[in-house]
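To start, the structure under review is shown below, and the notes come after it.
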Amino acid sequence: MSAYTYHVDSELVPADEATVSVRDRGFMYGDAAFETLRAYGGTVFEWTAHETRLRNTCELLGFADAVPDDLRERVQATLDANDLDDAYVRLSVSRGVQPGKLTPDPDVDPTVVVIVKDLPRGGVEGTTPWDDPAVVQTVKTRRTPDAATPAAAKTHNYLNGIRARLELRRAETDAFRADEALLRTTDDAVAEGATSNVCFVDGGVLKTPSEDCDILPGVTREVVLDLAREEEFPVEPGRYEVGDIRDADEAFLTNTTWEIRPIESVDGIEIGTGPMTKLLGRLFDERVERRHYE
134 MSAYTYHVDS ELVPADEATV SVRDRGFMYG DAAFETLRAY GGTVFEWTAH ETRLRNTCEL
194 LGFADAVPDD LRERVQATLD ANDLDDAYVR LSVSRGVQPG KLTPDPDVDP TVVVIVKDLP
254 RGGVEGTTPW DDPAVVQTVK TRRTPDAATP AAAKTHNYLN GIRARLELRR AETDAFRADE
314 ALLRTTDDAV AEGATSNVCF VDGGVLKTPS EDCDILPGVT REVVLDLARE EEFPVEPGRY
374 EVGDIRDADE AFLTNTTWEI RPIESVDGIE IGTGPMTKLL GRLFDERVER RHYE
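With the sequence shown counted from 1, adding 133 to any position gets you this note's numbering.
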């Protein structure tokens with residue numbers, strides 16, 4: 134699809150006319166919250182979890198009341214205007230336009246934006262939005278500590294992830310290019326990918342960095358952990374080192390767009406797809422199929 138329609142402050146507008154003020158605090162300071170969602174079959178997957186996290190981020194930023202009550206309707210209107218059933222959806226809520234000073238005014242007139250992009254069908258009969266398992270590289274950039282910026286807040290300030298991805302670019306060669314950066318905490322525990330959560334399998338146990346490792350608690354990550362528990366797989370969130378993942382039997386990344394993406398290698402050490410990753414991928418597709426296509 135070449136020309137999209139976006140939703141900006143209660144109005145549907147052509148993508149090339151969709152703008153926000155240069156004095157918007159989301160632009161000036163990263164003073165805004167966002168969520169990335171996935172629409173399957175015309176409706177949003179795990180809407181309640183995404184909306185809750187968005188509202189929590191806005192509350193942490195001090196403008197919880199800025200999230201409009203009709204946000205879901207705005208998303209649906211944007212999907213309908215673009216005639217999209219399967220799509221990437223991004224919601225942004227900023228504090229809006231205010232005088233150019235760091236301390237925000239108490240009165241908030243938020244800027245609310247919904248953008249969409251076509252994605253392939255999901256579910257049992259769908260195709261993955263990625264071509265190959267992920268090549269992962271550990272980077273020097275550390276995950277911003279929760280004490281500095283709350284890890285649970287999904288804000289427009291994504292410099293941490295951008296710096297990690299720039300490290301990958303600098304490390305590229307003709308023979309090697311990583312798909313995702315692996316970030317650690319300041320005390321060397323594995324945290325997450327630049328835009329993903331990390332899971333791995335060790336001796337039949339599904340392991341993943343716990344929330345005290347400064348991770349953003351991913352919606353897809355939580356769905357996958359629920360699926361594993363339903364199958365009575367042992368699940369152990371905890372503190373792990375990079376070596377634990379390099380030595381894993383299987384490993385994969387999760388996020389809204391990728392869903393479950395197997396890890397091919399970490400720092401050049403091959404890992405690959407295994408039976409638990411394949412089963413969880415199938416169970417995830419079946420859940421999407423039941424909820425959105427049947």
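Ideal Cβ positions, reconstructed from N, Cα and C, are used throughout, including at glycine.
From the listed residues SER398, TYR291, LYS273 and ALA361, the smallest Cα separation to ARG310 is found for SER398. In this structure, DSSP gives PRO408 a helical state, which the three-state scheme calls helix. The shortest CA-to-CA distance from ALA199 to any of ALA165, THR260, ALA327 and ASP400 is the one to ALA165. The C-alpha of TYR173 lies about 15 Å from the C-alpha of ARG205. Listed in chain order, the non-local C-beta contacts of ARG188 below 8 Å within the same chain comprise ALA197 and VAL200, local neighbours out to five positions each way being set aside.
Distance between GLU355 and THR169, taken at the CA atoms: about 15 Å.
PRO266 is positioned such that its CB atom lies closer than 9 Å to that of ILE396. Residues of the same chain with a CB within less than 7 Å of the CB of GLU179, apart from the 5 flanking positions on each side, are VAL352 and VAL356 in chain order. Shortest Cα-Cα distance from ALA151 to any of ARG303, ILE248 and THR185 involves ILE248. Secondary structure at ALA197: helix, using DSSP grouped into helix, strand and coil.
TYR426 and LEU416 have their alpha carbons spaced roughly 15 Å apart.
Judged by their CB atoms, LEU301 and GLU313 are nearer to each other than the 9 Å cut-off. For GLU369, there is no enclosing alpha helix (DSSP H); the residue is found in the beta strand (DSSP E) stretching over 368–371.
Around the beta-carbon of SER227, 16 or more other beta-carbon atoms lie within 10 Å, marking it buried.
By the C-beta criterion, the segment 248–259 is judged not to be in contact with the segment 273–280, since fewer than 3 inter-stretch pairs fall below 8 Å. Bounds of the beta strand (DSSP E) holding ILE393 are 392–399. Judged by DSSP secondary structure, ALA297 falls within the alpha helix (DSSP H) whose first and last residues are 292–304.
ALA361 counts as buried, since no fewer than 16 other beta carbons sit within 10 angstroms of its beta carbon. Excluding residues up to 5 positions away in sequence, ALA166, ALA286, LYS287 and THR288 lie with their Cβ nearer than 7 Å to the Cβ of THR190 in the same chain. The distance from the Cβ of SER329 to that of GLY371 is about 18 Å, inconsistent with a contact at the 8 Å cut-off.
For ASP238, same chain residues with a beta-carbon under 8 Å away, outside a window of 5 residues either side, are GLN231 and PRO232 in chain order. Here the C-alpha atom of CYS346 lies approximately 19 Å from the C-alpha atom of ASP335.
Taken through DSSP and simplified to helix, strand or coil, ASN189 comes out as helix. For PHE366, same chain residues with a beta-carbon under 6 Å away, outside a window of 5 residues either side, are LEU339 in chain order.
Around ALA381, the same chain offers PHE333, VAL334, ASP335 and ILE404 as residues with beta carbons nearer than 7 Å, after the five sequence neighbours per side are excluded. With contacts defined as CB atoms closer than 9 Å, ASN293 and TYR162 fail to qualify as a contacting pair. Counting only residues of its own chain and dropping the five nearest sequence neighbours on each side, VAL368 has a CB closer than 7 Å to the CB of LEU339, LEU358, ALA361 and ARG362. Under the DSSP assignment, VAL247 falls in the beta strand (DSSP E) whose first and last residues are 244–251. Counting only the Cα atoms, THR236 lies some 39 Å from ASP213.
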